[in-house]
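First to last, the sequence lines map onto chains A and B. So that you can map any letter, position 138 of the first sequence is 138 in full-length UniProt numbering, and since no number is skipped, the others follow by simple counting. So that you can map any letter, position 115 of the second sequence is 115 in full-length UniProt numbering, and since no number is skipped, the others follow by simple counting. Where is the CB? At the ideal position from N, CA and C, for every residue including glycine. Please read the structure below before turning to the comments.
2 protein chains.
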Amino acid sequence: MKPETRQQEIIRVAAKLFKEKGYSAVTMRHLATAMDIKAASLYNHIESKQDILERIIISLAETFTQGMKQISESNETCINKLKKIIELHVHISSKNSYGMASLNNDWMHLESQLTYYKKLRSDYENDFKTILEDGIKSGEIIHAKPDVMMFSILTTLRSLYIWIPKKEVINLKELTDDLSNILINGIAKE
Amino acid sequence: MKPETRQQEIIRVAAKLFKEKGYSAVTMRHLATAMDIKAASLYNHIESKQDILERIIISLAETFTQGMKQISESNETCINKLKKIIELHVHISSKNSYGMASLNNDWMHLESQLTYYKKLRSDYENDFKTILEDGIKSGEIIHAKPDVMMFSILTTLRSLYIWIPKKEVINLKELTDDLSNILINGIAKE
DNA sequence: GTCTATACCGTGATAGAC
DNA sequence: GTCTATCACGGTATAGAC
């Protein structure tokens, strides 16, 4: 493990503050106080407040894109692909729950990178929907609206960052299995 | 239908802006421009920016509390209670998708009403969990962790405000039924 | 790499004329 | 009920000393 650079430290602390109050409500002075330095000193390590937001969001979004590429190109069944997607979200959300908050809530404050972010997101959703549609064709998945199914699963996965830090027990394998079961098989008996 | 008061109009327009950019990023000058008046004029109808946020969030939170009270006190089966909850969320989210954005994303910017809001939310979640636990006892619902089940269903319902306005067709009955089926019975065949 | 000092602008809100 | 004018404050960011 390389030691964390000062820039990485700033980004990590910023992400934590962004999660608590949102990008717009966090000031450079707050961030500086949390880092125990003066606001002006931050600018030796980052270019601007916007720069911090970009580094948080874009790297996460690209990680999801990469993960989805591997999953959608694999030869698994559709149900197994869905399980891999759930695993991907649990894994990333547990590693970086602060960053996930920005990804979910503050993407609209991106400036020059907004279009790029939107493309990554829409590509991801298209791949997700294709998996569901293939599953319907092959008979693995019920014949319901892919949009509604994707919405239901994806909003749950996108909210994991709220929920994972609250659980004392961080048995990620168990959480992945429980979620897979509930999202795929439902909660009703029989 | 009584005609909308100027105050109600301000709150409605503010909620729309809050949904797009978040409470902190919306300025009184933006809001005034959207209302086609000057910022100072807003203060004839509302006390402060905070006042607007409170009016949006607290009235919605209280509506949910009322709805949950009726449902949890009814003599329905647990599965039917869950269906009623889904219906409640679809109904409120379709009537006030802008306000739902603030309820979900900007509650932490409440000041004097923050504690009250948190109590309403935690009461709601406790009632929800009790319904699930009763369902497990009675054998209607699988023996899985109530926390995980509630998280999964509730995050989906809480995100409806993002999704409902995107659907051209606003057949709410159909959406309620589709969601009930997916959330309760899952998406896997058999 | 951090500091002090500061520039410059936008913020929420108020006073008082009309 | 809306306006203009204004206030006190806090926002991001830079310059230059150490």
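Measuring CB to CB, does residue i end up less than 8 Å from residue j?
i              : j              : result
K189 (chain B) : I142 (chain A) : yes
I131 (chain B) : S72 (chain B)  : yes
Y43 (chain A)  : S97 (chain A)  : no
I56 (chain B)  : S102 (chain B) : yes
G99 (chain B)  : L60 (chain B)  : yes
I92 (chain A)  : T63 (chain A)  : yes
K81 (chain B)  : D178 (chain A) : no
H45 (chain B)  : R6 (chain B)   : yes
D147 (chain B) : F18 (chain B)  : no
G186 (chain B) : N185 (chain A) : yes
Using only alpha-carbon positions, find the residue among the options that is nearest to residue i.
i              : options                           : result
L53 (chain B)  : B:S112, B:K145, B:Q66 and B:D134  : B:S112
E9 (chain A)   : A:S159, A:S24, A:N80 and A:D36    : A:D36
T156 (chain A) : A:E87, A:K118 and A:L110          : A:E87
K129 (chain A) : A:T115, A:E140, A:M149 and A:I182 : A:M149
Y124 (chain B) : B:I92, B:G67 and B:E140           : B:G67
K16 (chain A)  : A:S41, A:H45 and A:K95            : A:K95
K166 (chain B) : A:L114, A:F151, A:M108 and A:L120 : A:F151
K119 (chain B) : B:I58, B:H89 and B:E76            : B:I58
Let me confirm a value: residue i is counted as buried when at least 16 other C-beta atoms fall within 10 Å, else exposed. Which label applies?
i              : result
N104 (chain B) : buried
P3 (chain A)   : exposed
I164 (chain A) : buried
E47 (chain A)  : exposed
A14 (chain A)  : buried
E20 (chain A)  : exposed
T176 (chain A) : buried
S138 (chain B) : exposed
S122 (chain B) : exposed
I170 (chain A) : exposed
Sorry if obvious, but does the Cβ on residue i come closer than 7 Å to a heavy atom of the ligand SAH?
i             : result
T33 (chain A) : As presented, the structure is devoid of all ligands, the ligand SAH included, so that no description of it is given.
How would you write the range of the alpha helix (DSSP H) that residue i sits in, first residue to last?
i              : result
Y161 (chain A) : L160 to W163
Y23 (chain B)  : First-last for Y23 (chain B): undefined, no H or E at that position.
G99 (chain B)  : S97 to N105
M68 (chain B)  : K49 to E73
H30 (chain B)  : M28 to M35
S118 (chain A) : Strictly speaking, residue 118 (chain A) in this sequence is Lys, with Ser absent from that position. Residues L114 to S138.
I182 (chain A) : L172 to N185
L42 (chain A)  : A39 to L42
Looking only at its own chain, which residues have a Cβ that is under 6 Å from the Cβ of residue i, when we skip the five neighbours before and after it?
i              : result
L110 (chain A) : Y117
L183 (chain B) : I153
A32 (chain B)  : K38, A39 and L42
K83 (chain B)  : S180
Q50 (chain A)  : E111
D75 (chain B)  : Reading the sequence as shown, one finds Asn at residue 75 (chain B) and not Asp. Excluding positions up to five away in sequence, the list is empty.
Enumerate in chain order the residues of its own chain whose CB-to-CB distance from residue i is below 7 Å, with the five nearest sequence positions on each side excluded.
i              : result
C78 (chain B)  : I131, D134, G135, S138, E140 and I141
R158 (chain B) : N104
A34 (chain A)  : V13 and L17
H89 (chain A)  : L157 and L160
M1 (chain A)   : none
For residue i, collect the residues of the same chain with a Cβ closer than 8 Å to its Cβ; drop the 5 residues on either side in sequence, then sort them by chain order.
i              : result
M28 (chain B)  : A39, L42 and K49
M108 (chain A) : L114
R12 (chain A)  : E4 and Y98
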